[in-house]
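Chains W and L are the protein sequences, given in the same order. Going by the working numbering, the letters in the first sequence line up with residues 2 to 319, in that order. Going by the working numbering, the letters in the second sequence line up with residues 555 to 877, in that order. In this text, a Cβ means the ideal position worked out from N, Cα and C, and glycines have one as well. Since the model is a prediction, treat every value here as computed from it, not as a measurement.
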Amino acid sequence: MLDIADFSVAYPTDRGRVTAVRDVTLQVREGEVLGLVGESGSGKSTLANAIMTLLPDSAEVSGRMAFAGQDLYSLDRAARRRLRGNGVASVFQDPFTALNPVVKIGRQLIEFQRQKAGRSAAEAKRLAIDMLGRMGISDPAGRMKQYSFELSGGIRQRVMIAAALLTEPRLLIADEPTTALDATTELQVIELLRASRHLVRGSIVFVTHDLGLVAELCDRVAVMYAGEVVEVGATPSVIANPRHPYTRALLACDPRRMIEPSRRFLTIPGKAPDPVSVLQGCAFASRCAEVLAGCAVERPPRWPAAGEEYARCVRLTS
Amino acid sequence: MNNPSLTVASLVVGYRAGGLLGRGGRRVDVIAGVDLEVHSGETVALVGESGCGKTTLARAILGLTPITSGQVRVNGVVASGPGDLSWRPIRRQVGLLFQDPVASLNPRMTVATLVTEAFRIHRVGGVNLREEAQRLLRQVGLPARFLDRYPHQLSGGQARRVSMARAMALKPKLVIADEPTAGLDLSVQGEVLNLLVELQATQAVSFLLITHNLAIARHVADRIAVMYLGRVVESGPTDALYSQPAHPYTRALMSTRGGIATAARTVLRGEAPNPLKRPPGCAFSGRCDFAQAQCTRQAPVARTLADGRTVSCHFPLTGGVAS
């Protein structure tokens, strides 16, 4: 479905060239839910934007990003846009900014479907009302006549998910869709996403900072650090048996995963490397509790070298 | 340990809604009768979802939002009305950590000026401000070279440390921390929490921790108070609330991702009611799986159960009384 190989994104800035995504190799399989996890500055949003071809003009892109067999960044702009409009949908963290505040919800939900050939306005309306109902929204026909500011955060996010699903995307990018929600509302949306998975025939890329959420919703997970994918694998095995020290550290920091009550919290000392610096060696070396002499000099290879699932840590190869 | 550093009694904060130019209209109670105690040296977590009144309550405790009725007592100082001058000594004794540390720091002041601002506001003389600033930074684990930096030169974690130094300036007995780790990466969040715990141990300060993060509340708080639509619906020892919630809303909250990992999930129907349309009876009754006829007619009164917790529910799920 999506084949990313040796893909990098860099920006020229006043301070120098910033590499936001470095040499990423990652596949999204047909029909799977892939979690893209990382802390702020890890490059997960840049990578997600690159998949949606929403990078700013100043971005310098290299490597391969193929969607349904076509390399997105070798196409001209118009062709890229067509591909995006016909196959990729997105749900963002803040649904308020994604909806037009002066157009009624219903009209927007009908507009979103216009790309779908052969759907009449009446049919689009019927499908929209039906989809709002499936999203657990009460009085869907009435909601169609409301404006986005009249809705609560939870309902707005359901409307956005409905909008994305109505376009029947082959690839759905969900960027922190529950981060802005309250705990009980988040739970409602998580259960909704889980229940509506069969409505998406394509694949889902779930971007989040929260490994716990990945454990709930994703088949596989890619962990990002300082612009790199440091580990990819099936979610249960990454959570139970993390192979990269960063994944291990991140899991250890999560108060939700601390079984016994404790007032001592684990942290990851130090900070991520300056994105302007030219990295040699492993990006995590300066903060790694398991660092070896060679880590700062030599970039760890993917291990195992073949296959879609790997971690980048020299300890695995020795 | 048992003399309270904060007592909130029957507190109501209401606004006028509707009407013209703030006149007429109906009173909407955002805080609808809250009782709360924080004992000295203790951490109490105030949990609940957006709009339940957590932040309004914090502001009311400091007199930053005029209260409609009820009273606030901090270390023996009582304040009750809008014109009451007692809010000033209360503010002097309470440190406040705001939600967004960068926005709460004046971008044109240096760290040294920021952390000693309270001395100037409360006209505390006879101190060398530079030395005080240095002492406060040391307390929060920042080296003296930060004294002359400006807020934009700080990382998220450092800005939080500066905010904490500011809150600790006048050696308060109580610190109100409003979502102190919101928006922080996990690897930094632990640092901030460790610092809070350490300050509590070394400075003998009590904390009112306002958070929606149940996992943090579980680890840090001695007691928890759960708010729903402007009222505390359940409060008691952290262990008790986590292991056996008595209020159905607490139970639903504890089944979310920060709560009890093993709990069966309670996915609530719909959303919290609008305070403008507060339902008769129990405010939670419309979403409650256990509601009975009485719940929609009569508002439950807070009562103390056998195990010491307080719950406002006609049919509590546990706690030593038959329901």
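Exercise. Name the chain L residues that come within less than 8 Å of W/Q189, Cβ to Cβ?
Worked result: Within chain L, the residues near W/Q189 are V821, L822.
For this session: Say whether the region 806–817 of chain L touches the region 767–778 of chain L, bearing in mind that this needs 3 or more beta-carbon pairs closer than 8 Å, one atom from each stretch.
Result: A contact is defined here as three or more CB-CB pairs under 8 Å, and the region 806–817 of chain L meets this definition with respect to the region 767–778 of chain L.
Problem set entry | W/T47 classed as buried or exposed, judged by whether at least 16 other C-beta atoms fall within 10 angstroms | That one is buried.
Exercise. Where does L/K831 land, buried or exposed, given buried means 16+ other C-beta within 10 angstroms?
Worked result: L/K831 counts as exposed, since fewer than 16 other beta carbons sit within 10 angstroms of its beta carbon.
For this session: Report yes if the C-beta distance between L/S789 and L/T597 is below 9 Å; otherwise report no.
Result: Contact flag unset, no.
For this session: Provide the residue span of the beta strand (DSSP E) that contains W/E232, from first to last.
Result: Counting along the chain, the unbroken beta strand (DSSP E) around W/E232 starts and ends at 229–235.
For this session: Could you check what DSSP says for W/P13 in three-state terms: helix, strand or coil?
Result: In the structure shown, W/P13 falls within a strand segment according to DSSP collapsed to helix, strand and coil.
Exercise. Of all the CB atoms in chain L, is at least one closer than 9 Å to the CB of W/A142?
Worked result: False, the Cβ-Cβ gap to chain L never drops below 9 Å.
Exercise. Quick one: what's W/R249 bridged to in DSSP?
Worked result: The bridge partners DSSP lists for W/R249 come to none.
Exercise. Of the choices W/M145, W/L133, W/E310, whose alpha-carbon is the least far from that of W/I162?
Worked result: With distances taken between CA atoms, W/I162 lies nearest to W/L133 out of W/M145, W/L133, W/E310.
Problem set entry | Reduced DSSP secondary structure (H/G/I, E/B, other) of L/I585 | Here L/I585 carries a strand assignment [DSSP, helix/strand/coil].
Exercise. Is L/N682 buried or exposed, if buried means 16 or more other CB atoms sit within 10 Å of its CB?
Worked result: By the beta-carbon neighbour count (other beta carbons within 10 angstroms, threshold 16), L/N682 is exposed.
Exercise. Can you find a C-beta in chain W that's less than 9 Å from the C-beta of L/M555?
Worked result: Summary for L/M555: the model assigns pLDDT 45, below 50, so the residue's position carries little reliability; its value from the coordinates is reported in the next sentence. Contact of L/M555 with chain W is not assigned, every C-beta pair being separated by 9 Å or more.
Problem set entry | Integer-rounded CB distance, given that L/D861 should sit under 8 Å from L/A794 | Contact between L/A794 and L/D861 is confirmed by a C-beta separation of about 6 Å, below the 8 Å threshold.
Exercise. Per DSSP, what kind of secondary structure is L/Y782 in: helix, strand or coil?
Worked result: Looking at L/Y782 - three-state DSSP - the assignment turns out to be strand.
Problem set entry | Proximal chain L residues relative to W/E151, where beta-carbon distance stays under 8 Å | Simply none; closest approach about 12 Å.
For this session: Can you give me the start and stop residues for the beta strand (DSSP E) that L/D732 sits inside?
Result: 728–732 is the span of the beta strand (DSSP E), which, as asked, contains L/D732.
Exercise. Can you find at least 3 beta carbon pairs, one from the region 723–731 of chain L and one from the region 645–661 of chain L, that sit closer than 8 Å?
Worked result: These segments touch.
Exercise. Taking W/L27 as the reference, which of W/R144, W/V231, W/G107 has the closest Cα?
Worked result: Out of W/R144, W/V231, W/G107, the CA that lies nearest to the CA of W/L27 is found in W/V231.
Problem set entry | Assigned secondary structure, W/M145 (DSSP; H/G/I helix, E/B strand, else coil) | If DSSP states are grouped into helix, strand and coil, W/M145 belongs with coil.
Problem set entry | Per DSSP, the bridge partner or partners of W/D72 | According to DSSP, W/D72 bridges with W/A67.
Exercise. For L/A806, which residues in chain W fall below 8 Å Cβ to Cβ?
Worked result: Neighbours of L/A806 across chain W, judged by C-beta separation under 8 Å: T185.
Exercise. What are the start and end residues of the beta strand (DSSP E) that includes L/L600?
Worked result: Here the beta strand (DSSP E) through L/L600 covers 597–601.
Problem set entry | Buried versus exposed, by CB contacts within 10 Å (16 or more), W/V277 | In the assembly as shown, W/V277 is an exposed residue. Its beta-carbon has fewer than 16 other beta-carbons within 10 Å.
For this session: For W/P256, go through chain L and note every residue whose CB falls closer than 7 Å to its CB, in chain order.
Result: Within chain L, the residues near W/P256 are A769, I770, H773.
Exercise. Any beta-carbon of chain L closer than 9 Å to the one on W/R265?
Worked result: Yes, its Cβ sits closer than 9 Å to a Cβ of chain L.
Exercise. For W/S41, which residues in chain L fall below 7 Å Cβ to Cβ?
Worked result: Residues of chain L passing the Cβ test: D739.
Exercise. So what's L/V746 in DSSP terms, helix, strand or just coil?
Worked result: Note: L/V746 maps to helix in three-state DSSP.
Problem set entry | Terminal residues of the alpha helix (DSSP H) in which W/R157 lies | Element bounds for W/R157: 154–167.
Exercise. So which residues on chain W does L/T810 lean against when the C-beta distance must stay under 8 Å?
Worked result: Those are A184, T185, E187, L188, listed as they occur along chain W.
Exercise. Which residues, in order along the region 266–299 of chain W, keep a beta-carbon less than 8 Å from a beta-carbon of chain L?
Worked result: Answer set for the region 266–299 of chain W: F266, L267, T268, I269, K272.
For this session: Closer than 6 Å by C-beta to L/P636: which residues in its own chain qualify, once you throw out the five before and the five after it? Chain order, please.
Result: Only P620 meet the Cβ criterion.
Problem set entry | Supposed contact pair W/E31 and W/S204 - C-beta distance, whole angstroms, cut 8 Å | Contact flag correct, Cβ pair sits at about 6 Å.
For this session: With 7 Å as the limit, tell me which residues of the region 657–684 of chain L have their beta carbon closer than that to any beta carbon of chain W; keep them in chain order.
Result: Within the region 657–684 of chain L, no residue has its Cβ closer than 7 Å to any Cβ of chain W.
For this session: Indicate the three-state DSSP secondary structure (helix, strand or coil) for L/A800 in the structure shown.
Result: When secondary structure is reduced to three states using DSSP, L/A800 falls in the coil class, being assigned neither helix nor strand.
Problem set entry | Option nearest W/P305 by Cα separation, candidates W/E112, W/R316, W/G295, W/L100 | Nearest C-alpha to W/P305 among W/E112, W/R316, W/G295, W/L100: W/R316.
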